[in-house]
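J.: Numbering (this note's numbering), first residue to last: 1 to 160.
Note that the Cβ used here is the ideal one computed from N, Cα and C, for glycine as well.
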């Protein structure tokens, strides 16, 4: 990883320009999320994100937030509807949508997450590693603490 002071800031925002941000992460790597909640939030088969510390993001004009579960929220523009971010309530990290960057091509994807929800007909094997959501013990623990030990993480858990 490089020193974040040596990399230019990432800038981005929503479709209509109402919400804008500047981010200063120390890397230029992103990932794809295939979880069902992200599919529904973005209306797509997957979402491209960059994960970074919340302290590395400055909202020049802040988004509106939708509380998508007991453990997380998603930032979006309340005027044009552009989805912009995802964050767990108890984490120092968050995700910004790669598509909301002014120059998304500066990032390189390095992995696929929540592959158990991946829609295979819409997936091209790109050689990147894939990870199951339930293999991440921190995320599984968040879901269990919020919804009970027998929870299956995902959108169905939030409906009950």
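Using the Cβ count rule (16 or more neighbours within 10 Å means buried), how would you classify residue 143?
T.: Taking the chain shown and counting its residues from 1, the one referred to as residue 143 is at position 143. That one is buried.
J.: For residue 90, which residues of its own chain have a beta-carbon under 8 Å away from its beta-carbon, when the five flanking residues on both sides are left out?
T.: As a position in the chain shown, residue 90 is number 90, starting the count at 1. Taken in chain order, the residues that qualify are 71, 142.
J.: If you reduce the DSSP assignment to three classes, tell me which class residue 94 lands in.
T.: By one-based count along the chain shown, residue 94 stands at place 94. In the structure shown, residue 94 sits in a strand (DSSP, three-state: E or B).
J.: For the beta strand (DSSP E) holding residue 151, just list the boundary residues, first then last.
T.: For this step, residue 151 is matched to residue 151 along the chain shown. Careful: residue 151 lies outside any beta strand (DSSP E) and carries neither H nor E.
J.: Pick out whichever of 85, 64, 125, 87 has its Cα sitting closest to the Cα of residue 78.
T.: The count along the chain shown starts at 1 and reaches residue 78 at position 78. Here the closest residue by C-alpha is 64.
J.: How is residue 114 classed by DSSP in three states: helix, strand or coil?
T.: Locating residue 114 in the chain shown gives position 114, counting from the first residue. Of the three classes helix, strand and coil, the one that applies to residue 114 here is coil, per DSSP.
J.: Please list the terminal residues of the continuous beta strand (DSSP E) segment that includes residue 61.
T.: As a position in the chain shown, residue 61 is number 61, starting the count at 1. Residue 61 -> beta strand (DSSP E) spans 57 to 61.
J.: Apart from the five residues on each side of it in sequence, which residues of its chain come closer than 7 Å, Cβ to Cβ, to residue 122?
T.: One-based indexing of the chain shown puts residue 122 at position 122. So the list reads 45, once near-sequence residues are dropped.
J.: Nearest by alpha-carbon distance to residue 22: which of 69, 98, 34, 127 is it?
T.: Taking the first residue of the chain shown as 1, we reach residue 22 at position 22. Checked all of 69, 98, 34, 127; the closest Cα to residue 22 is 98.
J.: Can you tell me the Cβ-Cβ gap for residue 96 and residue 12, rounded? I've got them flagged as a contact below 8 Å.
T.: By one-based count along the chain shown, residue 96 stands at place 96. By one-based count along the chain shown, residue 12 stands at place 12. Going by Cβ atoms, the distance from residue 96 to residue 12 rounds to 7 Å, so yes, they are a contact pair.
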